[in-house]
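Written below as structure tokens is the structure these notes are about.
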Amino acid sequence: MRAALEKIHHAGVPGVWAEVRDNGQVWRGAAGEATPDMRHRVGSVTKTFTAAAIMLLVERGKIDLDTPVHGTSTVRELLSMTSGLADYRFLAFPSLLEGSPKSLEDNQFRHFYPRELIKLGVEAPAVPPGTYSNTGYLLLGRLIESVTGMTAERWITRNVIERAGLRNTMFPTGTRIEGPHPQMFEALFGLLDPPRDYSVYDMSWVGVSASLISTVEDLNLFFAALLDGRIVSRESLALMQKTGPVVAFDGSTVQYGLGLHEHSGFWGHDGSAWGAGTWSFHSADGTRQASLAVNLQRWNNKAIDEALAAFQRKALLG
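First residue of the sequence shown? That's 1 in this note's numbering, and the numbers climb one at a time after it.
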């Protein structure tokens, strides 16, 4: 495993770290400018936490999966990316459409409110159902607030994060990550050369869709608990695992359920924030697990892709 991590680093990633679990045996490692216990931004892995919170509220009779939340878009459709609501990222970061990183700099310390981001998404032209979108998950966050009377971040923390016993997983309260963490280098497909450190950033622009901070250890603990029926019921988990095709931001098609997606027979999620990438997948019984983090995003380097794929195969399949 260590050699596979080193190959990712030597291919061009400044820091990479991972934890792999196999039937109770735990391996942790890091290469480059990293240690295995670092906290990092896990991007869209946050969606699985938010989806679990929604399913708990369904179990408690507070929410119905087939109730419309916006127009005719139901809770189920928002969870599964089948609502047809557009994503707002290019509206919040308009320079990206012009091939410029200026919006990243302009928004580094800007605080966004969910309502303004949701407004951007719902007023944009509809997209085909099965198109990946953060807008729906921000709507789900507002739904959590309306039925619980507390912020979505607080409710998810109390009922999902604490329920799973996670000690290094939290929503950000400012622009900095507290505790050990890496620099986070964004390349933006060559527009930032050299890549720029965005480890200090206001993540309100993604909220409960992609702002969570965690560790590779905590991600493995979370998914083990989720897949074992210790966070939501097994009936709820079965609903989360009913998948359909969804086109991701990178143009690839993934099999996506309710905040979970399936990858070669394994379950989990991946995520990206400015300068931070995360990949976390697990066998259906939770006995084989792998979570990996990198501190570089949006590179133009096929060697990195190949080294990552090789590590993922080895981590999951041995």
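The beta-carbon is built from N, C-alpha and C at its ideal position, and this holds for glycine as well.
- A direct Cα-to-Cα measurement between Gln108 and Thr175 gives close to 8 Å.
- In this structure, Tyr88 is the residue among Ala284, His181, Ala290, Tyr88 with its C-alpha nearest to the C-alpha of Trp205.
- Excluding the 5 residues flanking it on each side, Ala126 has same chain C-beta neighbours closer than 8 Å at Gly84, Leu85, Ala86, in chain order.
- Straight-line spacing of the CA atoms in Ser103 and Phe93 works out to 5 Å.
- No beta strand (DSSP E) of 3 residues or more sits fully in the segment 155-213.
- The beta carbon of Ala224 sits closer than 6 Å to those of Gly286, all from its chain and outside the five residues before and after it, given in chain order.
- Counting of Cβ neighbours within 10 angstroms places Ser211 among the buried residues, the total reaching 16 or more.
- Distances from the alpha-carbon of Glu178 to those of Ser252, Leu97, Arg167, Val246 put Arg167 closest.
- As computed with DSSP, Asp87 is found in no beta bridge at all.
- By the neighbour-count definition (other C-beta atoms within 10 Å, threshold 16), Pro114 is a buried residue.
- Pairwise C-beta distances place the segment 141-161 out of contact with the segment 5-17, as fewer than three of them are shorter than 8 Å.
- In the DSSP assignment, His263 falls within the unbroken beta strand (DSSP E) covering 261-263.
- The Cβ atoms of Val208 and Thr82 do not sit closer than 9 Å to each other.
- In this structure His269 is buried. Its beta-carbon is surrounded by 16 or more other beta-carbon atoms within 10 angstroms.
- Rounded to whole angstroms, the gap between the alpha carbons of Glu59 and Thr67 is 14 Å.
- Taking Thr169 as the centre and dropping the five residues before and after it, the same chain places the C-beta of Ile161, Ser214, Asp218 closer than 6 Å to its C-beta, in chain order.
- Residue environment for His181: buried (at least 16 other C-beta atoms within 10 angstroms of its C-beta).
- Per the C-alpha coordinates, the member of Leu143, Thr278, Leu117 positioned closest to Asn134 is Leu117.
- Between the segment 33-46 and the segment 290-297 there are three or more inter-stretch CB-CB distances shorter than 8 Å, so the stretches are counted as touching.
- At a Cβ-Cβ threshold of 9 Å, Leu316 and Ser283 count as neighbours.
- Straight-line spacing of the CA atoms in Ser44 and Phe281 works out to 13 Å.
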